[in-house]
Amino acid sequence: MIRTNRDKLVKIAVGGEVSPPKLHAPTQADSTGRSFISIGMAGIVYNAQVGDLAFGWKADHIEPGVSIHNPDEHADYAMHYLTCVGNDAVVSSGEAAGARGLVSGEHARLLIDFAADDLDRLNIGDKIVIQGYGVGLELLDFPQIAVRKCSPALIENMRLEVNRAGQLVAPVTHTLTPRLMGSGLELIPEFVDQDMVSEDRALIEELGLLDLRLGDLVAILDQDHSYGRGLRQGGVVIGLINHGDSAMTGHGPGVMTLLSCPTPDIVPVIDARANIANYLPFPSRMGSQGK
Amino acid sequence: MLQTNKDKLVKISVMGHIDSPVFPPVPWTPHFISRDGKPSLLPYVGGIVYNVRVGDPALGWAGEVIEPAASIRNKDPQAHRALKVFSSIGNQAVVMTGRARGAKGTVTGKSGRFADHVIIDFPPETLDNLGLGDSILVRACGLGLAIDGFPGLRVKNLSPELLEQMGVTAQNGRLQVPVVATLPPEMMGAGAGLDSDGGALQIQTGAPGALEQYGLTGLRLGDVIAIHDYEAFQAPGLMRGAMSIGVVCHCDSMRAGFGPGMTVILSARQDRSAANVIEPVRDLNANIARILKIGAYR
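Laid out in structure tokens, this is it:
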């Protein structure tokens, strides 16, 4: 069992409302100059959920499930900084009031997973409360490892183990190298994600990344995200695929930072089951039994 | 001699004001956190910088992402966007108001997300007379620039006059570009996936040994740099076979993923006929301040 300081963490309410999709321009151009209309960010996405494929959707940065924001800028930042993956959420207004969800990730909005029949009753603008829990989480036996955006439930269920050398062994579906990391370097790991660059599709195929799924845990080698996101030989980051692919160069499936270590004290092991949909009771994957 | 479409380009005015440095209000800390977790309070972007000029070292200053000489912004977001996209390195800038009215300067680059300025070099006596808020007109010319015989090449943020003086040559369908260093895609930091037409792409300087490995320890503002396997047609990012060229426009950073920024000037994908390919040629004098005789080379 991985020892944490979970009994010292504060659980606090943050929240927002279901975001309407917005178009900033009628069309955008991809890197080859072909125009596309951005669809998939914000709103209620009925048919892409955590556990589904990250590539292949005719969409831009698809956000699975329900995307929420807070119209007050400062409250919105509080929601972003204080929410962790695996936190409980509940609808507090509208026809779906009382429906329970689970935070699956953070992009420009918070991403919340609900059961299909709750999605059917949700409206854009409905209020959602999140029980923010996990900020300040530490691995007591690994002070060199930074923990970001992990609820205690996630960290306890992601099958972390300690090997004989005293290193943290983390199951992941894929490993990524620094050259693949693009947009998001300018942001701190306490805030949203960093995209992997998918424009060179032949390379993505060669590297066996086309079967990436939303919710997959991945390792990024030679990176340190302890303070900011940057290159560091020997460093290891464990990340979470939070949104789908993009047609824009420098963009692609998003990787949220969960664990970062500047030294080689995290050992990733490939395991196809390393997806948060297998670790936490996401309502979209539980059917009616989950209610 | 390169043949270009320079006689077809439009020269048009865009305008910005000398922008004051800004810091967040209390209780927010004014410190930046370094890649090792250490907080520092240092001069940050914007304003009039009297003692850092294009041609000076880009590394080592006790500052965070310092922009040399004068930084301008237009407070109207759409006019600012035009200022950022139309301005090209080498364009003439003119002081329109204040004590330095009539003084001439030169566009030396554009910073990216958060800093978001057009950066202008002025002679020291002009800097002494500039005030925050002074209006600076840029006579923008360069958008649409193309080199004959290279239809797949993207030329951006570059005045035709500077292009002609950079020592760029065309041979066998390849474009030889003098550069100080050639960097791999993993050295690219903040700016990846953002905006190559009005922003900057930063070199990550934080990985131990990386500066020495790639010959960057003497890096100067104005240096011309190549990035292999990197495309910057719109948002910059990894693309095997592509080559992009940038000009170092602002100083280093202590933060992870940040570093000296480059304004992209050329980008090409490799195609099967090997046409439209940029071929970097190492030349330690490939610096726009030296070429234009501005900044430290005035």
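First to last, the sequence lines map onto chains V and H.
This note's numbering puts the first sequence at residues 7 to 297.
This note's numbering puts the second sequence at residues 49 to 346.
C-beta atoms are modelled at their ideal positions from N, C-alpha and C, and glycine is treated no differently.
For the pair residue 264/H and residue 267/V, the Cα-to-Cα distance works out to about 26 Å. Not a single C-beta of chain H is nearer than 8 Å to the C-beta of residue 216/V. Contact holds between the region 136–155 of chain V and the region 85–102 of chain V, because three or more Cβ pairs, one in each stretch, are under 8 Å apart.
Residue 149/V is not a Cβ neighbour of residue 204/V, given a cutoff of 8 Å. The C-beta distance from residue 311/H to residue 274/H rounds to 14 Å, too long to fall under 8 Å, and the pair is not in contact. Partner residues in the beta bridge of residue 218/H, as assigned by DSSP, are 223/H.
Secondary structure in the region 24–97 of chain V: the beta strand (DSSP E) runs of 3 residues or longer, each lying completely within the stretch, are 72–75 and 94–97 in chain order.
Per DSSP, the unbroken alpha helix (DSSP H) holding residue 126/H starts and ends at 125–134. Distances from the CA of residue 238/H to each of 252/V, 170/V, 286/V and 234/V were compared; the closest alpha carbon is that of 234/V. Counting other Cβ atoms within 10 Å of its Cβ, residue 76/V reaches 16 or more and is therefore classed as buried. CA-CA distance, residue 45/V to residue 186/V, rounds to 24 Å.
Counting every other CB atom within 10 Å of its CB across the protein chains shown gives residue 49/H a total below 16, marking it as exposed.
Just so you know, the alpha carbons of residue 180/V and residue 144/H end up roughly 57 Å apart. Assignment of residue 66/H by DSSP, reduced to helix, strand and coil, places it in the strand class. Chain-ordered, the chain H residues with CB closer than 8 Å to the CB of residue 257/V read 241, 283 and 285. Look at residue 159/V here: in three-state DSSP terms it is helix.
According to the DSSP assignment, residue 213/H belongs to the alpha helix (DSSP H) that extends over 208–213.
Uninterrupted alpha helix (DSSP H) stretches at least 4 residues long and entirely within the region 224–278 of chain H occur at 258–261, given in chain order.
Contact between the region 263–277 of chain V and the region 224–244 of chain V is present: three or more C-beta pairs spanning the two stretches fall below 8 Å. Under the 8 Å Cβ criterion, the region 211–223 of chain V does not count as touching the region 19–38 of chain V, having fewer than three qualifying pairs. Within chain H, the C-beta atoms nearer than 8 Å to that of residue 235/V come from 304 and 305, in chain order. Judged by DSSP secondary structure, residue 124/V falls within the alpha helix (DSSP H) whose first and last residues are 122–127. For the region 210–239 of chain H, the set of residues with a beta-carbon nearer than 9 Å to any beta-carbon of chain V comprises 232, 233, 234, 235, 236, 237, 238 and 239, in chain order. Using a 10 angstroms sphere on the CB of residue 292/V, the tally of other CB atoms stays under 16, which defines it as exposed. Within the same chain, and ignoring the five residues on either side of residue 184/H in sequence, the residues whose Cβ sits closer than 8 Å to its Cβ are 63, 64, 65, 66, 118, 120, 141, 142, 143, 144, 153 and 168. Distance from the CA of residue 51/H to the CA of residue 196/H, rounded to the nearest whole angstrom, comes to 5 Å. Taking a contact as a CB-CB distance under 8 Å, the pair residue 103/H and residue 337/H counts as one, their CB atoms being some 3 Å apart. Residue 273/H does not reach chain V, its nearest Cβ partner there being about 17 Å away, counting only Cβ pairs nearer than 9 Å. Contact between the region 198–214 of chain H and the region 89–101 of chain H is not established, with fewer than three Cβ pairs separated by less than 8 Å.
Taking a cut-off of 8 Å on C-beta distances, the region 161–172 of chain V does not touch the region 240–255 of chain H, as fewer than three cross pairs fall below it. In the structure shown, residue 270/V adopts coil according to DSSP, grouped into three states. DSSP links residue 335/H through a beta bridge to 271/H. Membership of residue 211/V in the alpha helix (DSSP H) is indicated by the continuous run 207–212.
Annotation for residue 113/V: 47, 67, 69, 73, 198, 199, 248, 249 and 260 place their beta carbon closer than 8 Å to its own, counting only its chain and skipping 5 residues before and after. Taking 9 Å as the cut-off between beta carbons, none of the residues of the region 63–78 of chain H comes near chain V. Of the candidates 56/H, 305/H, 53/H and 227/H, the residue whose Cα lies closest to the Cα of residue 192/V is 305/H.
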